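Read through the structure below, which is laid out as structure tokens, and then see the notes.
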Amino acid sequence: MPPNLTGYYCFVSQKNMEDYLQALNISLALRKIAGLLKPDKEIDHQGNHMTVRTLSTFRNYTVQFTVGEEFEEDLKSVDGRKCQAALGTYSPARAIF
Numbered sequence: 001m002p003p004n005l006t007g008y009y010c011f012v013s014q015k016n017m018e019d020y021l022q023a024l025n026i027s028l029a030l031r032k033i034a035g036l037l038k039p040d041k042e043i044d045h046q047g048n049h050m051t052v053r054t055l056s057t058f059r060n061y062t063v064q065f066t067v068g069e070e071f072e073e074d075l076k077s078v079d080g081r082k083c084q085a086a087l088g089t090y091s092p093a094r095a096i097f
């Protein structure tokens, strides 16, 4: 089980976000909006269950999942897509949300 990550995390910086979003075929308009956002994360971590809320001035987004299990992430409210995701092992030096 990963360490408890419950807390509020403030945006610090982003690198190569435009290229990353372009590789995901995100539209130009959404890429420009995303580049301006400074989203924070609010995490509620109870055992192996996590709820991650992304908070921004544009749109808030919530995802819930069980650590170590693949889940379908519904990004319909963000860009109209669904994707399969999983959070497995945790390393504090490589934590990305």
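Under the UniProt record's numbering, the first residue of the sequence shown is numbered 1, with each subsequent residue one higher. By construction, the Cβ of each residue, glycine as well, lies at the ideal position given by its N, Cα and C atoms. Values in this document were obtained by computation on a predicted structure and should not be read as measured data.
> If Glu-72 sits next to Ala-86, beta carbons under 8 Å apart, how far is it from one beta carbon to the other, in whole angstroms?
Replying inline: About 11 Å; that fails the 8 Å criterion.
> Hey, how far is the Cα of Gln-46 from the Cα of Thr-66?
Replying inline: 10 Å
> Which residue spans inside the UniProt domain "Lipocalin/cytosolic fatty-acid binding" (7 to 84) form an unbroken alpha helix (DSSP H) run of at least 4?
Replying inline: 17 to 23, 28 to 36
> Can at least three beta-carbon pairs, one atom from the region 1 to 18 and one from the region 34 to 45, be found at a separation below 8 Å?
Replying inline: yes
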